[in-house]
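The opening residue of the sequence shown carries number 108 in the working numbering; numbering runs sequentially from there.
Don't be surprised by glycine CBs; every beta carbon is placed ideally from N, CA and C.
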Amino acid sequence: VFRSWSSDKAVTYRNLHGLSHDMGTAVTVQRMVFGNAGGLSGAGVGFTRNPSTGAQSPWVDFLFNAQGEDVVSGRRTAQGHDELAAVAPSLWDELVQVANALERHFGDMQDFEFTIEDGVLFMLQTRNGKRTPRAAAQIALDMLDQGLIDAETARLRTNGLDA
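Right, here's the structure in full:
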């Protein structure tokens, strides 16, 4: 990975785009967690709010005893948050708390991926979530009311939306 920084292709790309040759390559090392470890394990993807309506409850697809690829590939039919909340209410409550913390930190609705391994929640990734125009308007207004964003940010997020 580190040597890729000096490849002809990488050098040419930096030259074409006026990028510095002094930065280097980053590598992330993280623990592998297994949603297919049996017991209370699984994998899921979700949004901190409903991406279609903007409703203020996390929207989640989840599979017990599965890895993330199983959830997103469609090989198995994912369950919604109701199943996770029914089987493991404390894990659902923890996921809701983490979703709220993500919104407070990033100031926007988040799209996230997670794994549960033997009853322990691991957040794997988050990014700003895509949403419908209707959801964008609702989320901006709600986040403004909650003090998560200011009026200018709300205006910018709703400017030019088509219903």
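Of the candidates Val167, Gln174, Phe154, the residue whose Cα lies closest to the Cα of Gln186 is Val167. Unbroken beta strand (DSSP E) stretches of 3 residues or longer found wholly inside the region 126-192: 149-154, 166-171, given in chain order. At the C-beta level, Glu190 and Phe169 come within 8 Å of one another. In this structure Thr265 does not touch Ala242 by the C-beta definition: roughly 11 Å separates them, more than the 8 Å allowed. A contact between stretches requires three or more CB pairs, one per stretch, nearer than 8 Å, and the region 111-120 fails this requirement with the region 143-150. Nearest C-alpha to Gly153 among Arg262, Ala144, Arg238, Ala193: Arg238.
Ranked by how close their Cα comes to the Cα of His188, the residues Arg182, Gly181, Leu198, Met216 have Leu198 in first place. Residue Leu209 holds the alpha-carbon nearest to the alpha-carbon of Phe219 among Arg262, Ala192, Leu209. Leu123 and Val108 have their C-alpha atoms roughly 21 Å apart.
Annotation for Ile223: the continuous beta strand (DSSP E) segment containing it runs 217-224. DSSP places Phe109 outside any alpha helix (DSSP H), giving it a letter other than H or E.
Straight across, the Cα-Cα distance linking Ala261 with Ala144 is about 43 Å. In this structure, DSSP gives Leu268 a state outside helix and strand, which the three-state scheme calls coil. In this chain, the alpha helix (DSSP H) harbouring Leu209 covers 196-213.
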